[in-house]
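All you need for the numbering used here is the position in the sequence shown, starting with 1, plus 34. Take a look at the structure set out below.
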Amino acid sequence: MKARCPECKTDTDTLPHTGVCSACHQFSNDWLIDDWAQFVKMKKFLMWCDAVVFLMALLSLAFCLLISSDYLVMWLVSLAIVPASLSFHTKYLAITRPDDYQGHTSKDLRSWIPLI
Ligand SMILES: [Zn+2]
Numbered sequence: 035m036k037a038r039c040p041e042c043k044t045d046t047d048t049l050p051h052t053g054v055c056s057a058c059h060q061f062s063n064d065w066l067i068d069d070w071a072q073f074v075k076m077k078k079f080l081m082w083c084d085a086v087v088f089l090m091a092l093l094s095l096a097f098c099l100l101i102s103s104d105y106l107v108m109w110l111v112s113l114a115i116v117p118a119s120l121s122f123h124t125k126y127l128a129i130t131r132p133d134d135y136q137g138h139t140s141k142d143l144r145s146w147i148p149l150i
């Protein structure tokens, strides 16, 4: 694993726990981390989360279409199919192209699910 300070571009072997660079003493949340295995592991976990949300939205849609369409909340939950499938697809593309990997920041491992 390698980490690069976003301020002074110094490479280190480990990411400092405090986020403070030992060379320039600047704090940053945007360290560039070069760790393909950890990146794939986190992306796969987020893909599982997307799959669970997708399945819940699909069940909600089936409930609305087949049993009762009176519940507005169930229709709204069904709308989560769209972001869940888009998010799953972009994460799938990211982990199937190791040649395009240039390192990642903590922002690359965010999920849309807490926005619900
Ligand atoms: Zn630095």
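We put the beta carbon where it would ideally sit given N, CA and C, even for glycine. The model shown is predicted, which means the values in this text are computed figures rather than measured ones.
Contact under 7 Å by Cβ, residue i with residue j
i	j	result
LEU49	TRP65	yes
Residues near residue i in its chain [Cβ-Cβ closer than 6 Å; skip 5 each side]
i	result
THR46	ALA37
TRP109	CYS98
Bridge-paired residues (DSSP) for residue i
i	result
THR46	ALA37
ILE150	For ILE150, which the question treats as bridged, DSSP gives no partner whatsoever.
LEU66	ARG38
VAL54	PHE61
HIS138	ILE67
Burial state of residue i, where buried means 16 or more other Cβ atoms lie within 10 Å
i	result
ALA85	exposed
VAL87	buried
Neighbourhood of residue i by C-beta, 7 Å cutoff - its chain only, sequence neighbours within 5 removed
i	result
PHE158	Lying outside 35 to 150, the shown extent of the chain, residue 158 is not represented and no answer is given.
HIS138	ILE67 and PHE73
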